[in-house]
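Counting from 50, one number per residue, gives the positions in the sequence shown under this note's numbering. From the three backbone atoms N, C-alpha and C, an ideal C-beta is built for every residue, glycine too. Worksheet: one structure, shown below.
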Amino acid sequence: GENIKSRLIPRIFFSALSLAVLLLAFYITKPFLPVLVTGAIIAYLAYPLYEKMLIYTKSNSLSSSIVTILIILILTLPFIFVLGIVSKEAYDTYTTLNQHNIGTNFLKIVCKDENWLSCKATKSFTGFLPESDLDYYIQATIKKITEFIIKNVSQFVAAVPAILLNFFVMVFVVYYLLKDGKVIGRKIKDILPLKDAHKQHVLNKFHEVTYATFYGNILVAIIQGFLGGIGFFLLGIPSPILWGFVMSLFALLPYFGTAIVWLPTSLNLIFIGYLQNDSSSTTRGIVLVLYGIFVISSIDNILKPKLIGAKANVHPILVLLGVLGGLNLFGFIGIILGPLVLALLVTFVDIYEEEKAELQKYF
Numbered sequence: 050g051e052n053i054k055s056r057l058i059p060r061i062f063f064s065a066l067s068l069a070v071l072l073l074a075f076y077i078t079k080p081f082l083p084v085l086v087t088g089a090i091i092a093y094l095a096y097p098l099y100e101k102m103l104i105y106t107k108s109n110s111l112s113s114s115i116v117t118i119l120i121i122l123i124l125t126l127p128f129i130f131v132l133g134i135v136s137k138e139a140y141d142t143y144t145t146l147n148q149h150n151i152g153t154n155f156l157k158i159v160c161k162d163e164n165w166l167s168c169k170a171t172k173s174f175t176g177f178l179p180e181s182d183l184d185y186y187i188q189a190t191i192k193k194i195t196e197f198i199i200k201n202v203s204q205f206v207a208a209v210p211a212i213l214l215n216f217f218v219m220v221f222v223v224y225y226l227l228k229d230g231k232v233i234g235r236k237i238k239d240i241l242p243l244k245d246a247h248k249q250h251v252l253n254k255f256h257e258v259t260y261a262t263f264y265g266n267i268l269v270a271i272i273q274g275f276l277g278g279i280g281f282f283l284l285g286i287p288s289p290i291l292w293g294f295v296m297s298l299f300a301l302l303p304y305f306g307t308a309i310v311w312l313p314t315s316l317n318l319i320f321i322g323y324l325q326n327d328s329s330s331t332t333r334g335i336v337l338v339l340y341g342i343f344v345i346s347s348i349d350n351i352l353k354p355k356l357i358g359a360k361a362n363v364h365p366i367l368v369l370l371g372v373l374g375g376l377n378l379f380g381f382i383g384i385i386l387g388p389l390v391l392a393l394l395v396t397f398v399d400i401y402e403e404e405k406a407e408l409q410k411y412f
């Protein structure tokens, strides 16, 4: 009894101390957990490139540095490019509105002929409003939009230090996970309390789902951009290739996606077509709305679960639930983490069934 007690007490103490340290470590790293997970996934996806680079450089540090710099460029340059385009378009629009003084003589500008039915209908409609002058509502709308933009820009500026810190931590994580990837991978494999066959099963599923989700999202985004560019070209909208590329980038963003591009364009066509009595513009705008909803955007919900599910050998329902639930829980990185967690759950259920079947042989 004394011998058991002398062994049990140190083990209990060690377990309690380990749990306390684990909880403390969790709370220390909690603010950076999404960034750490993002960095780990990026490093895992970039590891094959790192290995190829290592063949030429023969240096872990140099290979990690080169791949990390490439990742930084891939993550930043496209969005800087898009931001430049959007800023230019916004500035041009603002300049045009200022030159025409759109807030004070709106109908005179867009209604070239006041006898147009659309212009008469608009004037009749505004007559029932508390303020019969349409320019009053235009000015109020412009004011609210301006206030909204200023508020969000100020919030973004205030958040820049935190964004830069998170980005630095992510880059730091990517660099060292690439550099020490084999050692870390071996330790993780050793820690897993599973049989070697089950460990390999879990790691294989992790690999399949991670790569399938990442490349599946990229492929679907390219397809959406391509379809969007074709739609813009057929409807005679300027710069279809450029806007197709922009839609491919925005397709990777959750919730809004390509609608950020095609929805304002279609509404603008409908609005101008209505006020200028141009049925061609109105028709093109309506067609673009329908094309955007039923082709560009819907392809995401139809194609993505099938592509990812087939590649990762996961049911499309799990993929769809994983993507939507992952976005809600983890944010942007949830696109990958959501399906991965559900796929690992199915893998653990398979392992449990195997173990259960093996135990039943002895009872």
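- Straight across, the Cα-Cα distance linking residue 271 with residue 112 is about 29 Å.
- In the DSSP assignment, residue 339 falls within the alpha helix (DSSP H) that extends over 328-340.
- When rounded, the separation of the alpha-carbon atoms in residue 208 and residue 401 is 45 Å.
- Here DSSP, grouped into helix, strand and coil, assigns residue 362 to coil.
- Setting aside the 5 residues that flank it on each side, residue 284 is surrounded in the same chain by 333, 336, 337, each with a C-beta closer than 7 Å to its C-beta; the list follows chain order.
- If you draw a 10 Å sphere on the C-beta of residue 69, you find fewer than 16 other C-beta atoms in it, and that means exposed.
- A distance below 7 Å between beta-carbons, with the five flanking residues on each side excluded, links residue 294 to the following residues of its chain, in chain order: 274.
- Membership of residue 344 in any alpha helix (DSSP H) is not indicated, and neither H nor E is assigned to it by DSSP.
- Residue 131 and residue 299 have their C-alpha atoms roughly 9 Å apart.
- Burial check for residue 62: the Cβ neighbour count within 10 Å stays below 16, so the residue is exposed.
- Around the beta carbon of residue 266, 16 or more other beta carbons lie within 10 angstroms, which makes this residue buried.
- Counting along the chain, residue 299 sits inside the alpha helix (DSSP H) bounded by residues 289-299.
- Taking the Cβ atoms as the reference, residue 255 lies roughly 7 Å from residue 389, within the contact range of under 8 Å.
- If you draw a straight line from the Cα of residue 109 to the Cα of residue 134, it is about 38 Å long.
- Under the DSSP assignment, residue 259 falls in the alpha helix (DSSP H) whose first and last residues are 245-283.
- By the Cβ criterion, the segment 297-316 is in contact with the segment 335-355, since at least three pairs of Cβ atoms, one from each stretch, lie closer than 8 Å.
- Taking the Cα of residue 97 as reference, the smallest distance to any Cα among 84, 80, 117 is reached at 117.
- When secondary structure is reduced to three states using DSSP, residue 307 falls in the coil class, being assigned neither helix nor strand.
- Its chain contains 330, 333, 334 as the residues whose beta carbon lies nearer than 6 Å to that of residue 318, once the 5 sequence neighbours on both sides are disregarded; these appear in chain order.
- Taking a contact to require three or more Cβ pairs closer than 8 Å, the segment 235-252 and the segment 73-84 do not qualify as touching.
- For residue 377, the closest of 83, 59, 223 by C-alpha to C-alpha distance is 83.
- Per DSSP, the unbroken alpha helix (DSSP H) holding residue 97 starts and ends at 82-106.
- For residue 340, the number of other beta carbons within 10 angstroms of its own is at least 16, and it is reported as buried.
- Counting of Cβ neighbours within 10 angstroms places residue 212 among the exposed residues, the total staying below 16.
- For residue 239, the uninterrupted alpha helix (DSSP H) segment begins and ends at 230-240.
- Only residues of its own chain outside the window of five on either side were considered, and among them 357, 360, 361 have a CB closer than 7 Å to the CB of residue 261, listed in chain order.
- In this structure, the alpha-carbon of residue 58 lies about 38 Å from that of residue 222.
- Proximity to residue 289 across 269, 314, 268, 303 peaks at 314, based on C-alpha coordinates.
- Residue 259 is not a Cβ neighbour of residue 384, given a cutoff of 9 Å.
- About 4 Å separates the beta carbons of residue 368 and residue 354, which is inside the 8 Å limit, making them a contact pair.
- Taking C-beta separations shorter than 7 Å and ignoring five residues to either side along the sequence, the partners of residue 380 in its chain run 83, following chain order.
- Looking at the backbone, the Cα of residue 106 and that of residue 218 are separated by about 25 Å.
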